[in-house]
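K.L.:
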Ligand code: HMG
Ligand code: MG
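Residue numbers (the working numbering): 2 to 298.
Here it is in structure tokens:
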């Protein structure tokens, strides 16, 4: 049955801006502050990764220190290893996330180790975060396809998702990293994962490269998953890869859910303004059909 309420995990400041041209720290802080006034309750704000790998996220400590934190909002960050966790804890990050993949080749290229090595690397990160009373989210990338390997067997998705939960993640976010999935495939994948992880511990993290993300979300909401990752203005894509695209736009998700009578607590107009403002720094308009339609009025 359809959920009555959906939790939105806003990933624009992280997943979006890690893949856009670099923007000034002040603009990122302004974006997170604006998002904090929209009713969103969870904002992935930074990423404590190697600045050589992702220079766009090199100012993560400054961001966590400069944002105006609002009560009731979780400001989280990616932490691939203990060094990342240490840096995240030093600036009072509320929650952290480890990120693995269901594809061996993607794991190598993204975090420079095998899937099994990554899980071993995450173990102490999860243990030490939890010892510090910090909850840990887990990501599985390439759940509906891999840019290097192509098809990804469902067993690999379910195995990594189950292991992340067993190791202490409270939730696993299922990433269609390259946005290639279609609705029946997405539902089939989530059904397989539901055999090993309950719906309340799952999130959908769908990129919109092929324009399928909203349809995929709808297909999976029907299975009882009610946490959705999305990026304001559909931020993301890659400045170096033509055609690559960001996460499903938060505006589009909120509009669809509003129309279905599903509560998100998010003020759509405030969200559209926050997205339009950050786009002034990016050299392109919002990649949200809903934002474009509303801004054209
Ligand atoms: P490595 O080179 O194998 O690591 O990278 P290393 O431990 O050998 O360290 C090499 C250098 O990096 C050293 O510096 C370390 O100090 C430094 P040097 O001595 O050469 O000057 N270093 C760090 N610096 C800052 N923060 C750290 C850190 N760790 C090491 N935490 C590593 C391994 C994981 C660090 C690297 O591969 C990396 O940073 N990868 C990040 C890739 C990334 O951020 N990808 C995007 C996020 S994932 C994603 O977007 C998918 C998702 O959205 C879900 C979906 O869509 O599917 C989550
Ligand atoms: Mg992503």
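All C-beta atoms, glycine included, are put in the ideal place defined by N, C-alpha and C.
1. Beta-carbon separation of residue 140 and residue 206 under 8 Å?
2. Report yes if the C-beta distance between residue 268 and residue 40 is below 8 Å; otherwise report no.
3. From residue 74 to residue 57, what does the alpha carbon distance come to, in whole angstroms?
4. Any heavy atom of the ligand HMG inside 7 Å of the beta-carbon of residue 18?
5. Could you tell me whether any non-hydrogen atom of the ligand MG is closer than 7 Å to the CB of residue 285?
6. Rounded to the nearest angstrom, what separates residue 201 and residue 91 at their Cα positions?
7. Using 8 Å as the threshold, is the C-beta distance between residue 51 and residue 44 below it?
8. Can we count residue 111 as close to the ligand MG, meaning its CB is less than 7 Å from some heavy atom?
9. Quick check: is any heavy atom of the ligand MG less than 7 Å from the C-beta of residue 176?
10. Can you tell me whether residue 21 is buried or exposed, with buried defined as 16 or more other CB within 10 angstroms of its CB?
11. Spatial neighbours of residue 255 within its chain, please: CB distance less than 6 Å, with the 5 preceding and 5 following residues excluded, ordered by chain position.
12. Nearest CA to the CA of residue 95: which residue from 185, 77, 288 and 218?
13. How would you label residue 146, buried or exposed, when you count the other beta carbons within 10 angstroms and need 16 or more for buried?
14. Taking all protein chains shown into account, do 16 or more other C-beta atoms lie within 10 angstroms of the C-beta of residue 208, making it buried, or fewer, making it exposed?
15. Output needed for residue 129: all residues of its chain with C-beta closer than 8 Å, excluding positions within five of it in sequence on either side, in chain order.
16. Buried or exposed: residue 53, going by 16 or more other Cβ atoms within 10 Å of its Cβ?
17. Could you give the uninterrupted runs of the beta strand (DSSP E) lying entirely in the segment 81-148, keeping only those of 3 residues or more?
18. Apart from the five residues on each side of it in sequence, which residues of its chain come closer than 8 Å, Cβ to Cβ, to residue 274?
19. For residue 248, is the beta carbon positioned less than 7 Å from some heavy atom of the ligand MG?
20. Report the three-state DSSP secondary structure of residue 1 (helix, strand or coil).
P.N.:
Checking against the coordinates, here is how it stands:
1. yes
2. yes
3. 24 Å
4. For the ligand HMG, not one heavy atom lies less than 7 Å from the Cβ of residue 18.
5. no
6. 30 Å
7. no
8. No - the ligand MG has no heavy atom lying nearer than 7 Å to the Cβ of residue 111.
9. If you check the C-beta of residue 176 against the ligand MG, you find a heavy atom less than 7 Å away.
10. Its Cβ being crowded by 16 or more others within 10 Å, residue 21 is buried.
11. Contacts found: 265, 267 and 269.
12. 77
13. buried
14. Counting Cβ neighbours within 10 Å, residue 208 comes out buried, since at least 16 surround it.
15. These residues qualify, in order along the chain: 83 and 86.
16. exposed
17. 96-102 and 136-142
18. 35
19. yes
20. Residue 1 lies beyond the residue range present for the chain, which begins at 2 and ends at 298; the question has no answer from this structure.
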